[in-house]
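Participant: Residues in the sequence shown are numbered from 14 upward in steps of one, following my numbering.
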Amino acid sequence: MVGSIVLAAMALPGVAELSPAHAESRPDRGTVSVRLLGYQDWQPGLRRTRVLAPAFRVQAPVADDWAFEGGVTADSVSGASPRYHAAISGASRMSDQRRAGDLKVTRYTQDVTVSAGIAGSSEHDYQSRAGSLEASWSSADRNTTLQAGVGASNDRIDPVNGAVVGARRRTRELSFGITRALTRADLVQATVARNVGAGYYSDPYKLLDERPDARRQTAVLLRWNHHFESRQATVRTSYRAYQDSFGIRAHSLEGEWLAPITRAVGLQLGARLHSQTAASFYVGPTYDPALGAPYPLGYDRDNPPRYITVDQRLSAFGAVTLAMGLSYAVDPDWTVDSRFEFYQQRTQWANSDATAEPLPRLRAVSVQLGVSHRF
Numbered sequence: 014m015v016g017s018i019v020l021a022a023m024a025l026p027g028v029a030e031l032s033p034a035h036a037e038s039r040p041d042r043g044t045v046s047v048r049l050l051g052y053q054d055w056q057p058g059l060r061r062t063r064v065l066a067p068a069f070r071v072q073a074p075v076a077d078d079w080a081f082e083g084g085v086t087a088d089s090v091s092g093a094s095p096r097y098h099a100a101i102s103g104a105s106r107m108s109d110q111r112r113a114g115d116l117k118v119t120r121y122t123q124d125v126t127v128s129a130g131i132a133g134s135s136e137h138d139y140q141s142r143a144g145s146l147e148a149s150w151s152s153a154d155r156n157t158t159l160q161a162g163v164g165a166s167n168d169r170i171d172p173v174n175g176a177v178v179g180a181r182r183r184t185r186e187l188s189f190g191i192t193r194a195l196t197r198a199d200l201v202q203a204t205v206a207r208n209v210g211a212g213y214y215s216d217p218y219k220l221l222d223e224r225p226d227a228r229r230q231t232a233v234l235l236r237w238n239h240h241f242e243s244r245q246a247t248v249r250t251s252y253r254a255y256q257d258s259f260g261i262r263a264h265s266l267e268g269e270w271l272a273p274i275t276r277a278v279g280l281q282l283g284a285r286l287h288s289q290t291a292a293s294f295y296v297g298p299t300y301d302p303a304l305g306a307p308y309p310l311g312y313d314r315d316n317p318p319r320y321i322t323v324d325q326r327l328s329a330f331g332a333v334t335l336a337m338g339l340s341y342a343v344d345p346d347w348t349v350d351s352r353f354e355f356y357q358q359r360t361q362w363a364n365s366d367a368t369a370e371p372l373p374r375l376r377a378v379s380v381q382l383g384v385s386h387r388f
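See the structure below:
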């Protein structure tokens, strides 16, 4: 299932959220962009997942009150993935490709904006289809915007090892938000999102992985953007709190600094801190001396637990991401940009579950290169 890997390469996991903190307005001109993402993660002794993902995107106004945007991407994933915890021995080799696309149409009126979107992705063992509807209302002075959104997705899972055949998962999402211009230089946004899913959530490629067939997720996102007029620079900050029915509680804090270096060159610096607790059914790397790995201490084969996982992604950990980006305006219509991110994850950095058995640190780098043209 490539999709989750690519999403993890580009952002923290979690439910979707409403548009970034800025006022909604119809674009005056169209934009077309081409991007290339490269991603690699590794742990001591094992070079894990590699991702190469070219993408194409276009956004354009249509008539007086309409606009559309859409994109396509093709992800190529290869490498190795531990079958339990961070074990090097027995790590499963993988090579996969995903094709994905999305399309959104937006109607603008004086105070109300309505958008409808569809998306889909396909790979050899996973199919996904999704739809969304968003609406926003702006006050007469344009200082306040209320937002609401609904979404639904339907997935089909057919792992090559035959663990399940035609397994299904359905997800429904509801979100509300408010954006407020406090001053000429300050913009704040608060968003609440609720995601309810049912179906197959286990990882068919992991050992000892039996998860509940339903998952409820709630996220609260707070944003504050401040613009420094004298320096023509902007600070973007955000805080995200997350919890789900698996027992995971997570907190993320992010900050970005955007400033011009010259009239044509812009600099972006960012940092993200993330910490989460383990799922209630996660078991650490303390193995039964008689059964050996990956069976936890006291595991009873005749009476196994209903839910269990040894997936590192559902363990307790903390993570730090550092980012730097550069953009260059070739002329008023052409821009090239790049972004580099370094990610490190450690059990010891979790803000809770201090007694959890530590797993080897996980590191990752991602590089994005892009070019865009306004027309």
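We treat Cβ as the ideally placed atom computed from N, Cα and C, and that holds for glycine.
For SER105 versus GLY383, is the C-beta spacing smaller than 8 Å?
Facilitator: By one-based count along the sequence shown, residue 105 stands at place 92. By one-based count along the sequence shown, residue 383 stands at place 370. Not closer than 8 Å, so no.
Participant: Could you check the C-alpha separation between HIS386 and TYR97 for me, to the nearest Å?
Facilitator: Against the sequence shown, residue 386 aligns to sequence position 373. Against the sequence shown, residue 97 aligns to sequence position 84. If I take the Cα positions, the gap works out to 45 Å.
Participant: Where do the N-terminal and C-terminal ends of the beta strand (DSSP E) with THR44 fall, by residue?
Facilitator: Taking the first residue of the sequence shown as 1, we reach residue 44 at position 31. Residues 44–56.
Participant: Would you call ARG249 buried or exposed, if buried means 16 or more other Cβ atoms sit within 10 Å of its Cβ?
Facilitator: Residue numbering aside, residue 249 sits at position 236 when the sequence shown is read from its first letter. Classification for ARG249: buried.
Participant: Using only CA atoms, which one of GLY175, HIS240 and ILE170 lies nearest to LEU195?
Facilitator: In the sequence shown, residue 195 corresponds to position 182, counting from 1. Ranking GLY175, HIS240 and ILE170 by Cα distance to LEU195 puts HIS240 first.
Participant: Report the three-state DSSP secondary structure of GLN325 (helix, strand or coil).
Facilitator: Within the sequence shown, numbered from 1, the residue matching residue 325 stands at position 312. Secondary structure at GLN325: helix, using DSSP grouped into helix, strand and coil.
Participant: CB of THR231 to nearest heavy atom of the ligand NAD: below 7 Å?
Facilitator: This structure lacks the ligand NAD, and indeed carries no ligand of any kind.
Participant: How is THR86 classed by DSSP in three states: helix, strand or coil?
Facilitator: Start at 1 with the first residue of the sequence shown, and residue 86 comes out as number 73. Correct three-state label for THR86: strand.
Participant: Within its chain, find whatever has a CB closer than 6 Å to the CB of GLN289; leave out the 5 residues flanking it on each side and keep chain order.
Facilitator: Against the sequence shown, residue 289 aligns to sequence position 276. By the criterion of a C-beta distance shorter than 6 Å, GLN289 is surrounded in its chain by ILE261 and ALA263, once the five residues flanking it on both sides are discounted.
Participant: Where does GLN361 sit, in a helix, a strand or coil, going by DSSP?
Facilitator: Sequence index remark: in the sequence shown, residue 361 carries index 348 (1-based). Helix, per DSSP.
Participant: Give me, in chain order, the residues of the same chain whose beta-carbon lies closer than 6 Å to that of VAL127; leave out the 5 immediate sequence neighbours on both sides.
Facilitator: Walking along the sequence shown from the start, residue 127 turns up at place 114. Here the set comprises ARG120 and ALA148.
Participant: In the DSSP output, what is THR334 paired with across the bridge?
Facilitator: Counting from one through the sequence shown, the residue named residue 334 turns up at place 321. Among the bridge pairs identified by DSSP, THR334 is matched with ARG285 and TYR356.
Participant: Are the region 159–167 and the region 177–189 touching, with three or more C-beta to C-beta distances below 8 Å?
Facilitator: At 8 Å Cβ cutoff, the stretches touch.
Participant: Do the CB positions of ALA68 and ARG48 come within less than 8 Å of each other?
Facilitator: Your numbering for residue 68 matches position 55 in the sequence shown. Your numbering for residue 48 matches position 35 in the sequence shown. Taking 8 Å as the Cβ cut-off, ALA68 and ARG48 qualify as a contacting pair.
Participant: Run through DSSP, which three-state label would ASN156 get?
Facilitator: Translated into positions along the sequence shown, residue 156 becomes position 143. Residue state, collapsed to three classes: coil.
Participant: Can you tell me whether ASP124 is buried or exposed? The criterion is at least 16 other CB atoms within 10 Å of its CB, across all chains shown.
Facilitator: As a working note, residue 124 is residue 111 in the sequence shown. Classification of ASP124: exposed, given that the 10 Å Cβ count is below 16.
Participant: Under 6 Å Cβ to Cβ from SER293, same chain only, skipping five residues before and after it: list those, please.
Facilitator: Position 280 of the sequence shown, counting from 1, holds the residue named residue 293. Contacts found: GLY260.
Participant: According to DSSP, which residues form a beta bridge with GLN245?
Facilitator: The residue you call residue 245 lines up with position 232 of the sequence shown. None; GLN245 has no bridge partner.
Participant: Quick check on VAL178: does DSSP put it in helix, strand or coil?
Facilitator: Locating residue 178 in the sequence shown gives position 165, counting from the first residue. If DSSP states are grouped into helix, strand and coil, VAL178 belongs with coil.
Participant: Give me, in chain order, the residues of the same chain whose beta-carbon lies closer than 6 Å to that of PRO26; leave out the 5 immediate sequence neighbours on both sides.
Facilitator: As a first step, residue 26 is located in the sequence shown; it is residue number 13 there, counting from the start. Reliability fails at PRO26, whose pLDDT of 33 lies under 50, so the model's placement of it is uncertain and the value that follows must be treated cautiously. So no residue of the chain qualifies.
Participant: Would you call SER265 buried or exposed, if buried means 16 or more other Cβ atoms sit within 10 Å of its Cβ?
Facilitator: Stepping through the sequence shown from its first residue, residue 265 is reached at position 252. The residue is buried, with at least 16 neighbouring Cβ atoms inside 10 Å.
Participant: Give the secondary structure of SER258 by DSSP, where H, G and I count as helix, E and B as strand, and everything else as coil.
Facilitator: Here residue 258 refers to the residue found at position 245 when the sequence shown is read from its first residue. The answer is coil: DSSP assigns SER258 none of H, G, I, E or B.
Participant: Buried or exposed for VAL296, going by 16 or more other Cβ atoms inside 10 Å?
Facilitator: Translated into the one-based positions of the sequence shown, residue 296 becomes position 283. Buried, since its Cβ has 16 or more Cβ neighbours within 10 Å.
Participant: What is the DSSP secondary structure of TYR312, counted as helix, strand or coil?
Facilitator: Residue mapping note: residue 312 aligns to position 299 of the sequence shown, counting from 1. DSSP places TYR312 in coil when its eight states are reduced to three.
Participant: Could you spell out the range, first to last residue, of the beta strand (DSSP E) harbouring ILE131?
Facilitator: Counting from one through the sequence shown, the residue named residue 131 turns up at place 118. Start and end: 125–136.
Participant: Just list the residues that DSSP pairs THR299 with in beta bridges.
Facilitator: Taking the first residue of the sequence shown as position 1, residue 299 is located at position 286. DSSP output for THR299 lists no bridge partner at all.
Participant: Determine the direct distance from the alpha carbon of SER108 to that of ARG61, and round the result to whole angstroms.
Facilitator: If you number the sequence shown from 1, residue 61 lands on position 48. If you number the sequence shown from 1, residue 108 lands on position 95. Between ARG61 and SER108, the C-alpha separation is close to 12 Å.
Participant: Given VAL233, which residues of its chain have a CB within under 6 Å of its CB, disregarding the five upstream and five downstream residues?
Facilitator: For the purposes of this step, residue 233 is taken as residue 220 along the sequence shown, with counting starting at 1. Taken in chain order, the residues that qualify are VAL205 and ALA254.
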